[in-house]
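Trainee: Numbering (the numbering used here), first residue to last: 80 to 218.
See below:
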(Lines of atoms letter the chains of each structure in order from A and count residues from 1; the text may use other names and numbers.)
(Lines give C-alpha, C1' and ligand atoms only; values in the text may rest on other atoms or scores of the structure.)
Protein backbone atom coordinates (compact mmCIF):
# COMPACT_ATOMS: atom_id res chain seq x y z
CA UNK A 1 0.00 0.00 0.00
CA UNK A 2 1.39 3.36 -1.02
CA UNK A 3 1.82 5.91 1.77
CA UNK A 4 -0.12 9.12 1.19
CA UNK A 5 1.81 12.37 0.99
CA UNK A 6 0.23 15.49 2.51
CA UNK A 7 2.91 18.00 1.50
CA UNK A 8 0.77 19.85 -1.08
CA UNK A 9 0.12 23.47 -0.08
CA UNK A 10 -3.63 24.10 -0.10
CA UNK A 11 -3.28 27.72 1.00
CA UNK A 12 -3.63 28.85 -2.60
CA UNK A 13 -7.23 27.57 -2.49
CA UNK A 14 -7.98 29.35 0.78
CA UNK A 15 -10.63 31.78 -0.48
CA UNK A 16 -14.03 31.43 1.17
CA UNK A 17 -16.62 29.62 -0.87
CA UNK A 18 -20.22 30.71 -0.95
CA UNK A 19 -22.91 28.23 0.04
CA UNK A 20 -23.91 27.74 -3.62
CA UNK A 21 -20.32 27.11 -4.69
CA UNK A 22 -19.92 24.50 -2.00
CA UNK A 23 -23.20 22.80 -2.98
CA UNK A 24 -21.88 22.55 -6.55
CA UNK A 25 -18.62 21.09 -5.25
CA UNK A 26 -20.55 18.43 -3.31
CA UNK A 27 -22.66 17.70 -6.40
CA UNK A 28 -19.55 17.17 -8.51
CA UNK A 29 -18.14 14.85 -5.86
CA UNK A 30 -21.27 12.74 -6.02
CA UNK A 31 -21.09 12.55 -9.81
CA UNK A 32 -17.34 11.96 -10.02
CA UNK A 33 -15.75 8.58 -9.64
CA UNK A 34 -14.18 9.82 -6.43
CA UNK A 35 -17.36 8.81 -4.62
CA UNK A 36 -15.71 5.72 -3.19
CA UNK A 37 -12.76 7.64 -1.75
CA UNK A 38 -12.71 8.41 1.96
CA UNK A 39 -12.17 12.11 1.37
CA UNK A 40 -15.19 12.62 -0.86
CA UNK A 41 -17.42 10.60 1.46
CA UNK A 42 -16.42 12.72 4.45
CA UNK A 43 -17.02 15.95 2.55
CA UNK A 44 -20.29 14.79 1.04
CA UNK A 45 -21.77 13.39 4.28
CA UNK A 46 -20.70 16.22 6.61
CA UNK A 47 -23.50 18.55 7.71
CA UNK A 48 -22.07 21.94 6.74
CA UNK A 49 -25.12 24.00 7.88
CA UNK A 50 -24.48 26.70 5.28
CA UNK A 51 -21.19 27.79 6.83
CA UNK A 52 -18.43 29.31 4.71
CA UNK A 53 -15.59 26.81 4.68
CA UNK A 54 -12.08 27.08 3.33
CA UNK A 55 -10.96 24.26 1.06
CA UNK A 56 -7.79 24.21 3.12
CA UNK A 57 -9.79 23.40 6.26
CA UNK A 58 -11.40 20.40 4.52
CA UNK A 59 -7.91 19.12 3.77
CA UNK A 60 -6.81 19.39 7.40
CA UNK A 61 -10.03 17.81 8.72
CA UNK A 62 -9.50 14.89 6.33
CA UNK A 63 -5.93 14.58 7.59
CA UNK A 64 -7.25 14.26 11.16
CA UNK A 65 -9.67 11.55 9.95
CA UNK A 66 -6.79 9.78 8.19
CA UNK A 67 -4.90 9.48 11.48
CA UNK A 68 -7.96 8.09 13.29
CA UNK A 69 -9.82 11.07 14.75
CA UNK A 70 -13.41 10.47 15.77
CA UNK A 71 -16.09 11.64 13.34
CA UNK A 72 -18.04 13.00 16.31
CA UNK A 73 -15.51 15.72 17.12
CA UNK A 74 -16.45 19.33 16.31
CA UNK A 75 -15.17 20.73 13.01
CA UNK A 76 -12.92 23.33 14.72
CA UNK A 77 -11.22 20.67 16.83
CA UNK A 78 -10.69 18.41 13.79
CA UNK A 79 -9.22 21.32 11.83
CA UNK A 80 -6.85 22.15 14.69
CA UNK A 81 -5.74 18.52 15.04
CA UNK A 82 -5.11 18.34 11.28
CA UNK A 83 -2.94 21.45 11.31
CA UNK A 84 -0.96 20.16 14.29
CA UNK A 85 -0.43 16.84 12.50
CA UNK A 86 1.26 18.84 9.72
CA UNK A 87 3.86 20.28 12.07
CA UNK A 88 6.95 18.11 12.33
CA UNK A 89 7.92 19.11 15.89
CA UNK A 90 4.64 17.90 17.50
CA UNK A 91 3.45 15.37 14.92
CA UNK A 92 4.13 12.22 16.96
CA UNK A 93 2.58 13.63 20.15
CA UNK A 94 -0.57 14.76 18.34
CA UNK A 95 -0.78 11.46 16.47
CA UNK A 96 -0.77 9.66 19.83
CA UNK A 97 -3.44 12.04 21.19
CA UNK A 98 -5.68 11.44 18.16
CA UNK A 99 -5.31 7.66 18.17
CA UNK A 100 -6.00 7.35 21.91
CA UNK A 101 -8.59 10.15 22.05
CA UNK A 102 -6.99 11.53 25.22
CA UNK A 103 -4.99 14.64 26.05
CA UNK A 104 -2.88 15.37 29.15
CA UNK A 105 -2.76 18.87 30.60
CA UNK A 106 -1.15 19.71 33.98
CA UNK A 107 -1.44 16.08 35.08
CA UNK A 108 -5.14 15.87 34.15
CA UNK A 109 -6.38 13.63 31.34
CA UNK A 110 -9.09 15.05 29.04
CA UNK A 111 -10.98 13.08 26.40
CA UNK A 112 -11.10 14.80 23.02
CA UNK A 113 -14.81 14.06 22.61
CA UNK A 114 -15.76 15.74 25.91
CA UNK A 115 -18.09 18.41 24.53
CA UNK A 116 -18.28 20.36 27.79
CA UNK A 117 -14.55 21.14 27.63
CA UNK A 118 -14.08 21.75 23.88
CA UNK A 119 -13.01 25.38 24.33
CA UNK A 120 -10.39 24.37 26.90
CA UNK A 121 -9.19 21.47 24.70
CA UNK A 122 -8.80 23.75 21.67
CA UNK A 123 -6.92 26.33 23.77
CA UNK A 124 -4.54 23.65 25.06
CA UNK A 125 -3.89 22.40 21.52
CA UNK A 126 -3.48 25.90 20.05
CA UNK A 127 -0.96 26.96 22.71
CA UNK A 128 0.95 23.63 22.74
CA UNK A 129 0.34 23.18 26.48
CA UNK A 130 -0.39 19.46 26.22
CA UNK A 131 2.04 17.08 27.87
CA UNK A 132 3.60 14.00 26.36
CA UNK A 133 1.69 10.91 27.48
CA UNK A 134 3.69 7.94 28.63
CA UNK A 135 2.39 4.60 27.29
CA UNK A 136 2.08 3.33 30.87
CA UNK A 137 0.01 6.35 31.93
CA UNK A 138 -2.51 5.87 29.12
CA UNK A 139 -3.22 2.29 30.18
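All C-beta atoms in this analysis are idealised placements derived from N, C-alpha and C, irrespective of residue type, glycine included.
Just so we're clear, the structure is a prediction, and the values are computed from it rather than from any experiment.
Output yes or no for whether 9 Å exceeds the beta carbon distance between residue 153 and residue 188.
Mentor: No, Cβ-Cβ distance for residue 153 and residue 188 is not below 9 Å.
Trainee: When you compare the CB positions of residue 159 and residue 204, do they come within less than 9 Å of one another, or not?
Mentor: In this structure, residue 204 lies closer than 9 Å to residue 159 by Cβ.
Trainee: For residue 187, which beta-bridge partners are listed by DSSP?
Mentor: DSSP output for residue 187 lists 184 as bridge partner(s).
Trainee: Are there 16 or more other CB atoms within 10 angstroms of the CB of residue 138, so buried, or fewer, so exposed?
Mentor: The residue in question, residue 138, is buried, as its Cβ has 16 or more Cβ neighbours within 10 Å.
Trainee: Only counting the same chain, and skipping five residues up and downstream in sequence, which positions put a Cβ closer than 8 Å to that of residue 206?
Mentor: None.
Trainee: Against chain C, does residue 182 count as a neighbour if the rule is that its beta carbon must be under 9 Å from one of theirs?
Mentor: In the structure shown, chain C cannot be found, because there is only a single protein chain.
Trainee: For residue 186 and residue 170, I'd like the C-alpha separation in whole angstroms.
Mentor: Rounded to the nearest angstrom, the two C-alpha atoms are 21 Å apart.
Trainee: Alpha carbon to alpha carbon, how far is residue 167 from residue 150? Give it in angstroms, no decimals.
Mentor: If you take the alpha carbons of residue 150 and residue 167, they lie about 24 Å apart.
Trainee: Helix, strand or coil, according to DSSP, for residue 210 in the structure here?
Mentor: Strand at residue 210.
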